Structure formats: structure tokens, C-alpha cells
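Let me begin by presenting the structure, written as C-alpha cells, before commenting on it.
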């Protein structure tokens with residue numbers, strides 16, 4: 001016997017150099033009499049290996065091999081028969097006439113003996129049976145579902161689950177049998193050895209395995225029951241109620257619930273959460289069920305129930321207490337899996353409700369030294385979210401010794417948590433900055449170092465007191481930084497923030513060192529950083545020093561470095577150019593600019609008409625960063641308003657064409673998406689360029705009503721388009737020919753309806769879009785108009801289970817909330833870099849008036865600012881959107897009125913706790929008529 005080490009790179013040793021032709025020749029062994037069970041098992045294993053390896057079998061080879069394998073039906077060897085069924089299933093997709101073995105499979109299924117391969121025969125039969133012939137085996141499957149042998153019942157249930165997609169109506173008729181299987185008293189959890197078909201045992205040993213095997217019949221039966229009833233909300237709710245028993249688990253962990261299988265109970269908990277999500281009114285009833293399952297005898301059920309309660313929206317501390325208490329007990333469990341599951345749930349909860357998790361802090365501190373580094377990492381990050389200011393010092397000391405023992409992936413998680421804690425407790429920035437500087441000097445990969453550097457960037461941005469120390473730490477880091485991308489980013493931040501510090505000269509040496517020592521990419525970044533010092537710093541001596549350093553860069557070997565140095569020297573000599581290209585904080589809304597350039601290039605007028613750059617919104621760089629940040633936050637934390645995505649396109653008026661505001665998309669990007677979708681509709685092709693769209697859809701119904709309707713207003717040069725996003729939440733109704741009737745409160749409103757695109761069909765839970773377009777008779781008329789809206793449609797009742805509608809329907813209508821066109825719909829937000837200068841230049845077209853808002857309408861200056869911004873639809877400038885004083889504030893606004901007229905507003909406000917908000921509103925624009933129209937929006 002050889003004791004040499006096996007080749008670990010070989011796949012299966014014996015089968016490494018297996019040849020398909022040789023295996024096909026060996027298949028003659030299946031015809032031997034008597035059958036050599038051991039030889040045939042080995043041969044079947046080779047066939048399976050070839051199939052899994054992707055070896056191609058043509059139809060003739062597969063068919064011949066398939067029928068050779070079927071000769072093994074005469075063998076009584078259990079393990080051989082199990083292997084035979086496996087090969088039959090794999091070859092059935094290639095071979096022809098596989099239906100010929102149906103009778104042999106049925107005979108094996110109906111045998112009276114306690115054979116272990118009955119479950120295998122069921123799976124093979126369902127796989128080879130054509131969908132049109134399933135009725136022929138319906139009786140056999142129904143009998144197998146209620147079979148007393150767990151493995152047989154589970155095999156029939158799982159096979160039915162897969163058949164549901166091709167024979168939905170037939171499987172639905174088995175509901176009673178499935179219900180009976182779900183109530184089976186034979187408990188247990190998981191799969192038995194018999195269910196997997198392990199062979200090589202004597203018949204008596206295998207019988208013992210069958211008898212003692214723990215089954216998952218209830219788990220499979222519950223899953224199939226839900227699949228049958230998933231489109232009927234009431235049926236799903238009843239399913240949860242019936243199987244939950246009295247208050248879920250009951251005091252003894254079971255209550256009157258028929259489910260004894262822990263996996264089935266966990267599945268039931270998930271279905272209960274789905275019921276609660278679909279029907280918010282059931283929250284209290286579902287919570288009682290979940291709370292009962294916290295006392296179940298199975299650990300996995302306790303954890304699943306606790307997780308479900310912790311993920312309940314708007315759960316109070318009192319409601320969370322039982323779940324957190326259970327998780328707290330698991331934190332001290334000797335099993336690492338339970339500790340990990342509990343701390344992970346608490347970690348996720350700490351993101352939204354840190355105060356509720358804080359009672360577990362002492363137990364979590366004990367986990368910092370846990371041998372399982374995953375548990376320890378979660379404990380650290382959770383403590384960083386739930387700890388108070390007094391515990392920061394102790395936590396940071398514990399983390400310092402902990403960081404060297406974990407991988408980079410865990411280090412990134414810890415650093416992210418420390419960044420959040422630092423922003424939460426700014427007074428502790430010194431100790432955290434020291435920690436950050438320390439880990440920067442440790443060994444680590446790019447992602448880890450990048451996370452640390454970005455954390456320091458956030459400290460510079462949001463904690464001004466840390467700026468000098470943080471910039472010094474970054475300067476030291478780039479002296480030995482091995483990652484070029486990080487060096488470039490740090491140099492950019494030094495160029496932006498360094499000139500604003502009290503001693504900017506101390507950073508110049510570190511930046512110029514990069515020009516001397518680094519590669520061309522880093523040198524180019526360093527030149528750009530130096531140019532910002534030369535432009536921003538007012539000290540002549542500093543400017544002269546920068547000019548000398550940049551002049552030396554003109555002899556650099558790289559053309560990019562030379563070009564940047566040349567441009568920087570030119571900017572330093574001409575302050576007007578520097579102000580325009582370096583100091584100006586304004587930028588174009590890039591998605592809108594891109595869209596309008598594409599429209600201009602593709603215009604049939606060609607380039608005869610000059611591109612109107614004034615029509616592109618101008619925003620601040622800070623506003624652009626805020627838009628992107630808000631979009632990223634929405635992407636991870638907010639549900640979508642509708643299920644529609646931006647990439648979905650189709651015929652207008654159909655469900656697939658319903659555009660909606662999306663998560664993870666900024667308001668500027670969303671406007672570009674709306675413009676693209678509206679341009680694809682022929683009826684709106686002559687309306688011209690989209691001027692603006694509503695920032696947020698207006699809800700015209702409650703979210704719990706039978707029909708949910710949102711409205712988005714789109715303003716064109718002479719037209720206004722109303723987009724109604726509609727959803728039918730009734731699974732027993734189909735709506736056809738859905739249209740919106742809009743009636744203005746004043747007959748002579750100056751608007752004429754020119755287009756209407758209804759929804760042809762509105763199915764259950766599938767969004768659709770209605771468009772109604774109006775044209776303004778007088779281009780100079782910007783009056784506010786209110787519309788009453790009625791949804792009209794034809795209703796066809798449907799079978800909730802099959803979704804089939806009745807052939808005959810009836811007319812019906814549904815009243816929704818009013819929609820108003822305001823002055824703000826004619827104004828687009830616009831950024832102004834120098835408000836004082838621009839405002840002064842428009843003095844001749846000023847209108848001023850004083851107003852008052854009572855305490856109910858404006859309980860604070862912040863609320864008053866939000867109301868005025870929403871009403872006028874303009875952009876708050878110079879960080880005036882959020883008042884810094886509680887009594888006096890000046891709100892500055894900028895916008896572009898329809899037609900390209902620049903509008904500026906200055907609102908001086910005072911707040912009194914008794915009388916409310918008093919304010920003076922001054923409107924200036926390039927047209928006195930526009931100023932008067934905007935002022936009238938407040939009046």
C-alpha cells in the first residue's frame with residue numbers, strides 16, 4: 001500500500017482521464033445476467049461524472065445509454081437502483097422516448113415493500129413526464145403526498161412544487177392533500193439519510209434509517225401551500241393564522257400550532273411578515289404571533305422570530321424588548337453560530353434604533369475577545385453605534401488591540417463604524433484621529449487604506465476643529481503611500497482645504513515633494529494642488545513661492561505635468577480667469593446638459609440654431625455632492641415609490657411604460673429620465689424641450705386604498721403634461737380602458753386639453769400610467785389652476801386564484817384628490833455663485849411685499865423656509881435653506897422662470913412664539929412682469 005500524498009489538484013483521482021467512448025462501451029455490462037451490482041454502480045458514477053463535467057452526449061448516444069440503464073430495473077440492489085434513478089434524470093433531457101419507462105417507475109412507487117428508493121422514483125417520474133400528461137400520474141402523486149413515509153411525501157411535495165410552473169391548475173387541485181401533509185404528526189427537522197439516497201447498507205439497516213430519519217414534510221408542504229395561494233392575500237393570511245395556532249409558539253413552545261418542524265415554523269414566520277407588509281392593519285395580530293414564537297423550543301425559530309420583530313417598521317421600544325431579551329441570552333451561548341446570528345441581528349437593528357440595543361452593551365463587550373473574529377467584529381461595530389460619549393475612550397483602547405488580529409474585510413467594517421461614531425461625537429475627534437493615523441501606518445490593502453482616508457476626509461468636512469491635524473496626518477501618509485490613487489485624492493483635498501487653513505505654507509513642502517519623488521500621474525496632481533495655493537492664498541510671498549515652484553515644473557519630462565504648470569501660471573497672472581475656472585463653485589447639471597446636447601445634435605434643424613446654454617440648470621458643486629449622497633442613502637434605506645425602473649420602456653399607457661421616481665437617482669438625473677421617456681411618446685413630440693418636472697410625485701390617494709394614484713407634473717414651453725401613475729391593489733378585479741377626467745374649477749382657466757393617453761389594462765399590482773396634456777392659450781398667462789380628478793374605468797371581476805377575468809364588465813369611477821398648477825411649476829431651481837452682485841444688477845425690476853404666517857402654518861423659521869421653497873420652486877443659496885438662528889433669518893433663492901428669465905428672491909424673516917413668522921419678500925428678475933407673477937404666488 002502506498003502512503004504517498006495524493007494529488008490534491010486531481011478532481012476525482014480515479015476519473016481524471018475518463019474517456020466517454022470507453023464508458024459507452026463499458027455500458028454493455030448493464031445487459032449482463034446476473035447483474036454485477038458493484039461494477040454497475042461504478043459505471044453509473046462514471047456516467048454522472050461525465051455529465052457533470054459537461055461532456056456532450058448526442059441524442060443517439062444518450063438514448064442508447066438511457067435504455068441500457070433501464071435494464072437495471074430488474075436488480076434488487078437498493079444503492080444500485082438509487083444511482084440508476086439519478087442517471088435517468090440526467091439523461092432524460094437529451095434522450096428520446098424516455099416516457100417508455102413510466103410504467104416501471106410507477107410500479108416502483110406503488111410497491112408495498114418498505115423500499116428506500118420510492119422517493120427517487122417519484123422525482124424521476126415527475127422529471128420525465130410531459131406537462132400534457134401530468135393528469136395521468138395525478139392520482140399517484142396525490143397518494144404519495146399523504147404517504148406515511150416521510151421521504152416519499154417530501155419527494156412528492158417538492159416535485160409538485162416544480163410542476164406548478166407548467167401545470168398550475170392541476171397542482172392547485174391537490175390543496176387538500178398538501179394540507180393533510182402539512183398537519184402530519186411525524187415531526188423532526190432537516191433531511192434524513194434516506195431522503196438523500198445514501199447506499200451501501202443492508203436492507204434491514206436501511207429500514208432503520210427510514211424509520212428514524214427526521215423529515216421535512218411539513219416544511220415542503222407549507223411552501224407548496226403558499227405557492228398555491230400566493231396571489232390571494234386573504235388566503236395567505238388565513239394560512240398563517242391556521243398554522244400559527246394560539247399566540248404563535250405558546251408557553252410550551254408549541255401551543256396549538258400543528259407545525260412541529262422548526263424549518264417549517266421559520267418559513268411560516270416569513271409568510272407572516274409578508275402578510276404584515278401587504279396589510280399594515282394586521283401588524284398587531286402578526287406581532288402577537290411572532291412574540292409567541294420567541295418562546296419556541298427551537299433556537300432557530302427563536303432567532304427567526306426575533307429577527308422579524310426587529311425588522312418591523314416603526315416598532316416601539318416596548319415591542320422590541322422581548323426580541324432583544326431573547327437575543328441577549330443568545331449572546332452568551334456556548335455555540336458560536338447562535339452568538340453570530342444574535343449579534344448580527346442586533347447590529348442591523350442598531351443602525352435605526354441604537355437606544356433599544358444599548359441594554360445589551362455589557363454582553364457585547366464580552367464578545368470583543370471572542371475567538372470567532374466575525375462575532376468580535378460585529379460586537380465592536382454594534383458597540384460603536386450604541387455606545388455613549390463616556391464609553392468612547394474605553395472602546396477605542398479595546399479596538400486598538402483588536403485591529404491587528406482581523407482581516408482587511410473586517411477592518412473596513414470597523415473603520416466605517418468608527419467614522420459614524422466620530423460624526424456622532426465630534427468632541428472625541430482627537431482620540432479617533434490618533435487611532436486613524438495609527439492604522440494608516442499598519443499593513444493593509446488598498447480598500448482598507450481607502451476607507452481610512454475617506455473617514456479622515458469626512459472628519460475634515462464635518463468637524464472643522466480636526467482639519468489642521470487631519471491634513472497633517474495625510475501629509476505624513478503620502479510620504480510613504482504605496483497606492484497612487486490615494487495619493488492623487490489626498491493631493492486634491494490638500495489643494496482644496498490647505499489654502500483655507502491659518503498656516504497654509506506648511507503643506508506646500510509635502511506637496512512639492514511629490515513633484516520631485518513620484519510618477520507622472522501623482523506629479524500632475526501635485527501641480528494642480530499647488531496652483532490652488534497660488535490662486536486662493538492672498539499672501540504675495542506665498543504666491544511668489546508657488547510661481548517659482550510651478551516654473552520649475554515647466555521642465556518636467558511629462559507633457560501633462562508641463563501643461564498643468566503652464567495653465568496654473570496663466571491663472572495666477574489673470575485673476576478674472578482664475579475666478580471663472582478655479583474659484584467659481586458653480587457647475588452645470590450634467591445629466592440635463594448631456595440630454596439637451598443629444599437633442600441638439602439630433603435636431604432636424606441641424607446646427608443652424610445656436611445651442612441655448614442658458615436652458616441648462618446651474619447648480620453648486622456642494623449641491624451636486626448632496627444630490628449624489630442623498631441618492632446613495634435612498635438606495636440602501638428607502639423603498640421605491642413604485643416597482644417601475646428607469647430602464648423599462650414600452651408603449652405609453654401600458655403598465656410597462658409607467659415611469660416613476662426611483663431610489664438611488666438624484667432629482668437632476670430623474671428629470672433627465674422623465675425627459676427621455678416623454679420624448680418617446682409621439683403625442684408629445686411637438687411640445688419642445690422639457691422645462692421642469694415635479695421633484696416628488698403628488699399622492700392623490702392613500703397608500704392603503706384599492707387604487708393608488710400618484711401625479712407628476714411636467715412643464716413644457718407652451719404645454720403642461722400630467723402623468724398619473726396608477727396601481728390596482730385588488731386581486732379580484734381587472735380594470736380596462738382606465739382614463740383620468742380632469743375638470744378645472746374655473747371654466748375659463750386658459751388651458752385647453754390637447755392629448756390624453758389612457759391605460760388599456762390595469763392588472764393586479766402592475767403599475768400603469770395615464771397622461772393628460774394641456775396647452776396654454778396665452779403664453780403670458782401663468783395663473784394657478786386647480787383640477788378635480790376622477791378615475792373612470794371598466795371593471796371585470798377576476799378569480800383571485802387563477803386571475804381569469806369575467807367576459808362582461810361594468811363601468812365605474814373613483815374620485816381622487818385635486819391637483820393644482822402653481823407658480824412654482826413655471827420656475828426651475830438655479831444656482832447663483834454671487835447672489836449679492838446678481839441681485840443688485842436686477843434692482844430695477846424689483847417688487848417687495850410683507851407677509852405673515854401664523855404659528856400653525858409655520859411653527860418655526862425652518863418650517864417657513866421649507867414652505868416658501870416648495871411654493872416658489874426655487875433653489876436655496878449660500879446655505880440659507882436651514883436657519884442658524886431661531887428668531888431672525890434671511891432666505892436667498894435663485895431660479896429660472898419659463899422662457900429663460902432669471903429670478904432671484906430675498907426673504908427677511910423673524911419668528912415670534914406668539915404671532916408666528918413675519919417676513920418681507922423681495923423679488924427681482926430680468927422682467928418686471930415675471931417679478932409680479934412670482935410675488936403673486938405667495939399672495
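Residue numbers (full-length UniProt numbering): 1 to 939. Here a beta-carbon is modelled for each residue, glycine too, at the ideal position from N, C-alpha and C. Please read all numbers here as calculations on a predicted model, not as lab measurements.
8 Å Cβ cutoff met for residue i and residue j
i, j, result
"residue 267", "residue 164", "no"
"residue 723", "residue 712", "yes"
"residue 324", "residue 272", "no"
"residue 904", "residue 851", "no"
"residue 386", "residue 417", "no"
"residue 96", "residue 51", "no"
"residue 363", "residue 332", "yes"
"residue 468", "residue 505", "no"
"residue 365", "residue 383", "yes"
"residue 844", "residue 921", "no"
"residue 689", "residue 825", "no"
For residue i: DSSP bridge partner residues
i, result
"residue 446", "In DSSP, residue 446 forms no bridge with anything."
"residue 797", "733"
"residue 49", "For residue 49, which the question treats as bridged, DSSP gives no partner whatsoever."
"residue 753", "774"
"residue 360", "For residue 360, which the question treats as bridged, DSSP gives no partner whatsoever."
"residue 890", "908"
"residue 744", "787"
"residue 812", "793"
"residue 853", "917"
"residue 828", "896"
"residue 925", "903"
"residue 769", "725"
"residue 711", "698 and 724"
"residue 876", "893"
"residue 257", "According to DSSP, residue 257 bridges with nothing at all."
Exposure of residue i, with buried meaning 16 or more beta-carbon neighbours within 10 Å
i, result
"residue 705", "exposed"
"residue 551", "exposed"
"residue 204", "Note that residue 204 has pLDDT 36, beneath the 50 cutoff, so the model's placement of it is unreliable and no number is given."
"residue 304", "buried"
"residue 409", "exposed"
"residue 635", "Reliability of the predicted coordinates at residue 635 is poor, the pLDDT of 41 falling under 50, and no value is obtained from them."
"residue 719", "buried"
"residue 902", "buried"
"residue 120", "buried"
"residue 100", "exposed"
"residue 823", "buried"
"residue 19", "exposed"
"residue 105", "buried"
"residue 595", "buried"
Top-ranked residue by Cα proximity to residue i, from the options
i, options, result
"residue 558", "570, 388, 591 and 521", "521"
"residue 775", "756, 346, 609 and 726", "756"
"residue 750", "785, 731 and 769", "785"
"residue 810", "734, 312 and 831", "734"
"residue 929", "378, 893 and 779", "779"
"residue 17", "53, 837 and 44", "53"
"residue 836", "870, 891 and 848", "891"
"residue 401", "425, 379, 413 and 369", "369"
"residue 156", "133, 136, 109 and 115", "109"
"residue 423", "483, 457, 524 and 450", "457"
"residue 498", "472, 149 and 488", "472"
"residue 683", "768, 708, 773 and 439", "773"
"residue 316", "360, 855, 284 and 475", "284"
"residue 740", "768, 746, 102 and 883", "768"
"residue 70", "57, 38, 694 and 29", "29"
"residue 144", "130, 133, 122 and 136", "122"
Rounded Cβ spacing between residue i and residue j (contact assumed at less than 8 Å)
i, j, result
"residue 796", "residue 736", "7 Å"
"residue 181", "residue 221", "4 Å"
"residue 816", "residue 789", "5 Å"
"residue 759", "residue 770", "6 Å"
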